[in-house]
Structure formats: structure tokens, C-alpha cells
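First the structure, in the form of C-alpha cells, and then the observations on it.
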Amino acid sequence: MEEERIARLIEKCPTTRVIRQIHAHVLTRLLPISTLSFLLSKIVGFCALSLHGDIDLARKVFALTPNPNIFSWNSLIRGYSLIGIQSRMPFSLYKKLVRKGYPSANTFTLAFVLKACSNILAFEEGQQVHARVFRSGFGSNSFVQTGLLNFYAKCEDIELAEKVFNEIPERGLVEWSTMISGYATMGLVNEAFGAFREMQTSKVVPDKVTMVSVISACAMAGALDIGRWVHTYIEKQMIEIDIMISSALVNMYAKCGCIEKAKEIFKGMPVKDQKAWSSMIVGLAVHGLSEEALEAFSRMEESKVTPSHVTFIGILSACAHGGLVSEGRRYWSSMVELGIEPSLEHYGCMVDLLCRAGLVDDACSFVQTMPFSPNPVIWRTLLIGCQKNKMFHKGEIAGEQLLALEPTNTENYILLSNFYASASQWDKMSHVRKTMKEKGMKAVPGCTSIEIDGLVHEFVMGDWHHPEAKEIRQVLRVISERVSDSGHEPHISDVLHNVADEEKGIYLCEHSERLAIAYGLLKTKSPAPIRIVKNLRVCIDCHEVTKIISKIYEREIIVRDRVRFHKFVNENELFSTVTRGVVTSCGRHPWVRWKLPAASRDVRLTYVVMHAALIGGGGRMPFAHDEVLSHTPAYVNAGQLNATEGNGLNVENDVWIMVVARLGLENEHPVLGYVRPETEQLVPNYLAYEPPTHMYDAGYTVM
DNA sequence: CCACGATGTA
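Taking the working numbering, the leading residue of the first sequence gets -8, the next gets one more, and so forth.
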């Protein structure tokens, strides 16, 4: 009786002060040992987990418990992994428990300790737990399974994650969500989309948590079509659009180039937290909309949301892109006043800001004020700054420092080589190249992706494993000839490639973005822009050629530069460069867009059927082009609208009907627009986010 | 005896 009364008291306990009193009360009673153990475990649980939690108190109560039961152990383990610091405490507690041999670990123990291991990326430890899972026979428990899955996903071991996943016989909502989120955080966007489709095929209904990961995958890939489909899907399935979904959408639209749509969603958010504001500010900054980013920041302050270090990354890079030196300095000091320790990225932004403004000397003295010695990211920023501002001497020093600090990082050699080339120091350039060769170093190629028909294609320079490699090479050859005929002066990066490879067959070097653009030209014949996302390790300016291609082919080309420094693998060894530097010192903001005058656009409209399926957003996620076509019955007749039968893209409850016209061009199923059956209103353009003016002035009659 | 897993920004 008394046991129950006290248990209820603990559950309703408002503060840790009261819990201390209850603790004292419990200790002074002469209670049966089992009751005492139970009540003390509840107190440990309260202290470790509740809102007013106090992990130290939990630890003390635990230490004073004669034989803590498994609930106490579990609460303490979880408590330590919830406090957010990179503590190894959960695992050492677990080890202690195992060594003692009693009480024996249960499914909760395993799940909690696995969660702790994924938090701190403790691979070895997690594997030990995995071994324990095998022996304990708890491997069939769903929580343990997702714990393992999440652990391997967070440690970025795809193979083991997939192995665990495949061995789960019954995959429910959380299992699928974990796998999708794992793929997404590992950057395997097509796998994430694939898993999402499979999940739908196996009739598991996704929820908002699932969708956040899917949206995030779209953002990473710059996959706008899929992103829009997902957005429509969420609305149609009436999945609650909470603050997480909204921020993910804001981020997605911004990353995919639709900053207007991002702003619209952001505006409609009833509550905006720190991450939501940060997403918006970073999005604006990335688009070069410096003033708007700063405006957003002041509105954020007005609404009393404290900015985070990420917010300031956005702010500082906005200042850098806008050339706002004094503002940047001011924000820097207000950041320091807020108690945010400037990190590597912040210094990177600031150095970038000064270099862009031509204040390389100031940047150098700023670097000297840093509390720690400059790291490679800083030297790289300075090197690029010196290159842009033609400061040969200082640049050379930065280059030397860089090589001294990171002699095994290939990207540094490439940067230095480019630097010398830009200063026409050919001897020094070939010396750098020679050093690389001697050391057996190969450049880690850049990678560019393009989304076509719902599939994200990644192109790596020099990698011709793409199934349509032959066709792409042909297109590239034609592009090359046409660019050459246009009288284009080869850019330094084109020259470099030819020097390096001594292959002069193709006038233009086969940079990954050229491959992506060539593929875009090959696969799409509409006036829709070609959007590519560049993932490079170093800044290589290839935009002159892109501009010319855009002009020659009368296609708008939108490029997103994402200069990414991360861990990467070279042929011989794993480098430990894990610095995520915000270094985009290319003298422009990361979004580049070449708009063509409307009149010169190719108005022959040949949207593939896929797009209609994508915008439908009704049921199962459409994916491969072929698959969509197989869902598309014979209603695709020349100029005919068949509003009743077949319903075209049967994505289950799809309510959209296409207006289709055969234009006699390469694609069999050109799509001009869509009609809503309820209203018979023509929805002029699935690109509702961009002015559709060019779509209907081609003289085609749309029903 | 009590509980637990998957989610957004650089």
C-alpha cells in the first residue's frame, strides 16, 4: 500500500528538491528489500530522465541503492546518453553491469546502450553490444533491432546497416524510417528514395518522421521534382506539417533553388524555432540574398529566438557574399557577446569575407588573432583569396603552410597547382604536379549530380560506368565542337586537364558537371532549366563554358556549387580530413543561374510523363521512368484528352489528369499541362513556382 | 512491478 503511494508521489514529483525529501523518507522507512529496491529505482529513473532531471543526483541515489535493479541501471544509462554531451558513461556502466553479471541486461539495456553508442559514434563498443545481442537472444526484439540499425547507420556502415535491416522479418514504420534516415544521412539519396518506395509497396504508411528524412534527401540531392512530389504527397496524405517538416521543406526548396517557395513556407509557419530561422537564413545566404538574410536575422532577434552557431554561419556567409565587411565584423562581435565560441567555420567565413572584399592583408592579421593556430581550411581560404586578388607572395606562403600541415591531402596540391597556373607560374605548377606524381597521389575527382525522371544521377570525372556512357560521350563531343566553334577561349581549368592527361581529342575537359549537363541535354528536351548540383573538393571555375553551353543550346542552366570538405577515400588510404569548411571563395555566391531571354527559349514542349506522376503526389512514389510508362495506358494519344479512362499515371489515388499532345519530337509522351477533374480547370504548368509564360505561346492548342 | 526505437539548419 505504502509502496504504491510513494510510487505515485515520485511520478508526480515537481522538483528535484522534493525528490530528495522523498528519497530521505524512503531510506528512513523499514521497508522490505524488494520494495526499497523498486522505489529507489523509480527515484533514479525520475532524476535521470524527467524534465527537471539531475543526473548527478541519480548517480548518488544509484550509488546508495544496495542492489540496484535493472530498471535503475537502464535509467542511469539512458540518463547519461540524454544529457547530450559526448559522454562515455553509458557504455562504461553497461560494461560494469556485464562484468558484475547481475542483474542481467534486458532489451531496454541493449536499446539504450546502442543509442548511446550511436550518439558518440562508438563503433567498437556498439559491435560488442551487437555480439551481446546475439548471445542474449534479444535479437528478435523490435527496439533492439532498430537500435542496431540506427547504430550502424549513424556510424555510416551501410553494409552492416543493410544486413541488420534485411534480417528483420517484420518491418514496421520505425524500422523503415530508421533505414531511410540512415540512407539520407549517409548521403545515399537514391537508396533513401528506393527504401521509401519499397516501404509504400509493403503497405507501411509513412508518418511525418519518415517524411522529414525523405525531404532531407531531396535537399541533399537538389532533387526538386521529387521534393515537390513529396510535398504534395504530404499534403494529400494529410500528414501533419509540423515545425520539423516545415523547416525541412524550407531547406529543401532553398537547396533546390526555389528560394521563393522556401520563403513562402517559412512565412506560413506559425512557430519558428532556432533551426527553422537558421534554415531560412542559410538558404537566403546561399542564394546571395544578403540583405534579406540579415533582415531575417533581425526578425529572428525580435521574436526572441536565440541564434545558434549555425545561424551565424549563414549570417557571416551572407555578409561575405554581399561584400558587407563592417556588418560582418559587427555580427562577429555580437556572436562573441552571445557566448558562441567562434568555430573553424566561423573563422573560415570571416577570412572569406575579408578576402572577397580584397582585404587579404586584414584577413591575414585576423588569422593571427585566432586563439588557435590556423588549420588547413583557413589556409585554403587564404590561398584562394590570394589567387583572386593576385597576391602571389602571400598566396605562396599559404600554400606552403598548407602542404606542411597536410602533406597527404591531394586537394591542397590541386589548389596550389591552380594557384600557380593562375599566376602563369608554369614551372612551379609542373613542380607541384610532379611532386604529386612522385607521391603517387591522384586527384579526388569532383562529383556532380542531376535529377532526371526522379532518379539522381551522379557523375564523377573520368568515371564512365554510367549505362548511357556512350551517348553521353557523343553529346559531349558535339558540345565540345560547338563551344570550340563559338570561338571560346579555353579557361585555365580546361587547359590544366589537357596538360595533365595529354588527351587532346576533346576540346573541353570532361569535368563532372559537363557530364551532368551533357546528360541533361541528352535526356530532356523541354524549356525547363537544367539543374545540377556540384560537389567539389576544391573550387574550380568552369562557369564560363557553362554559360556558353547555355547560350548555344538555348537552355537555362542552374548550377549549385557545393564545395565540400569531408572525409574521403583515395586509392591508397583513408584521409582523416573531416573538416567541414565553408569555403566558397569563388567570388560569387553558390547559386549561379543563367537565364535566357524568353524569346530564345526552346518552346517545343516535351515534358516526359514522369513529371505528371511526380506532381500527382497521390500514392506510391513513382520512380523509374520505365515504370511510370508502364502505368501509362494508351490514353496518350495525339492531342487527345482522355479524362475518364486509365487516368494515366495510376499512382493509386492520383486525381490529376494530363493534357497530352504528341508533338512528333523525340519523346513519345509530351505533356503540356494538367487538368483537375473536379473543376476541369487547366493547371497551366506543373512548375507552379516559376512563371509559366513560355509554356503556352507555342501555338499548340491545349484542349 | 515502471520505460525504450526513427525526424530539420553549416
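Where is the CB? At the ideal position from N, CA and C, for every residue including glycine. Predicted model only: the values in this text are computed from it and were never measured.
State the beta-bridge partners of residue i as determined by DSSP.
i	result
glutamate 442	Val447
For residue i, which residues from the same chain have a beta carbon less than 7 Å from its beta carbon, with the 5 sequence-adjacent residues on both sides left out?
i	result
lysine 33	Ala(-2), Ile1
histidine 14	Ile34, Val52
alanine 679	Unreliable placement is indicated for alanine 679, whose pLDDT of 26 sits below 50; the coordinate value is still reported in the next sentence. Excluding positions up to five away in sequence, the list is empty.
serine 477	Ile539, Ile543
alanine 509	Ile463, Val466, Leu467, Ile470
aspartate 353	Leu345
glutamate 283	Leu275
phenylalanine 410	Leu374, Gln378, Gly386, Gly390
glycine 655	For glycine 655, the predicted structure reports a pLDDT of 26, less than 50, and the residue's modelled location is therefore unreliable. The matter cannot be settled from this model.
arginine 716	Any question about residue 716 goes unanswered here, given that the chain covers just -8 to 694.
valine 120	Leu101, Val104, Leu105, Cys108
serine 168	Val200, Thr201, Ser204
serine 408	Met420, Val423, Arg424
alanine 113	Phe82
Identify, in the order they occur along the chain, each residue of the same chain with its Cβ nearer than 8 Å to the Cβ of residue i, setting aside the five sequence neighbours on each side.
i	result
histidine 479	Glu535, Val536, Ile539
valine 358	Tyr338, Val342, Pro365, Ile369, Leu373
glutamate 564	With a pLDDT of only 32 at glutamate 564, under the threshold of 50, the placement of this residue in the model should not be trusted; the figure read from the coordinates follows. Taken in chain order, the residues that qualify are Thr399.
isoleucine 171	Ala183, Ala186, Phe187, Met190, Thr201, Ser204, Val205, Ala208
cysteine 355	Leu373, Lys385
tyrosine 166	According to the sequence provided, residue 166 is glutamate. The question's tyrosine does not apply to it. Answer for glutamate 166: Ser133, Gln136, Thr137, Leu140, Phe156, Ile159, listed in chain order.
Does the distance from the C-beta atom of residue i to that of residue j stay below 9 Å?
i	j	result
asparagine 141	leucine 105	yes
glycine 213	lysine 246	yes
valine 17	leucine 31	yes
leucine 164	threonine 192	no
lysine 263	methionine 235	no
leucine 215	glycine 248	yes
isoleucine 331	histidine 300	yes
alanine 414	glutamine 378	yes
glycine 218	methionine 177	no
isoleucine 405	lysine 514	no
arginine 79	leucine 101	no
isoleucine 256	valine 241	yes
lysine 145	asparagine 110	yes
isoleucine 149	lysine 199	no
serine 28	threonine 7	no
threonine 297	leucine 329	yes
proline 94	asparagine 58	yes
leucine 394	arginine 371	no
alanine 152	glycine 173	yes
So, for residue i: in the same chain, excluding its five sequence neighbours on each side, which residues have a beta-carbon less than 6 Å away from its beta-carbon?
i	result
tyrosine 322	Ile306
glycine 36	Ser66
isoleucine 543	Arg473
leucine 238	Note that residue 238 is serine in the sequence shown, not leucine. The residues are Lys266, Ala267, Ser270.
asparagine 628	With a pLDDT of 31 at asparagine 628, under the threshold of 50, the predicted position of this residue should be treated as unreliable, and no value is reported.
glycine 511	Ile441, Ile521
glutamine 136	Ile159
proline 81	Ile68, Tyr71, Ser72, Val104, Ala107
phenylalanine 450	Thr439, Ser503, Leu506, Ala507
tryptophan 64	Leu88
methionine 750	Only positions -8 to 694 of the chain appear in the structure, and residue 750 is not among them; the question remains open.
glycine 313	Ser281
alanine 210	Asn242, Met243, Lys246
Mind reading off the beta-carbon distance from residue i to residue j? Whole number of angstroms is fine, and I expect it under 8 Å.
i	j	result
leucine 396	proline 367	6 Å
valine 180	valine 447	5 Å
serine 281	alanine 309	4 Å
glycine 706	asparagine 526	Only positions -8 to 694 of the chain appear in this structure, which leaves residue 706 out of reach.
cysteine 38	leucine 48	5 Å
glutamate 318	leucine 285	7 Å
Would you say residue i touches the ligand SAM, meaning its beta carbon is less than 8 Å from a heavy atom?
i	result
glutamate 226	Absent from the structure shown: the ligand SAM. Ligands present: none.
Extract the residue ranges of the alpha helix (DSSP H) inside the region 271 to 357, only unbroken runs of 4 or more that lie entirely within it.
Fully enclosed alpha helix (DSSP H) runs of 4 or longer: 281 to 293, 300 to 313, 316 to 328, 335 to 347.
*Minimum length 3: unbroken beta strand (DSSP E) runs contained in the region 382 to 467*: The region 382 to 467 contains these whole beta strand (DSSP E) runs: 438 to 443, 446 to 451.
- Query: Which whole runs of the alpha helix (DSSP H) in the region 182 to 232 are 4 residues long or more, in chain order?
  - Reply: The region 182 to 232 contains these whole alpha helix (DSSP H) runs: 199 to 212, 215 to 227.
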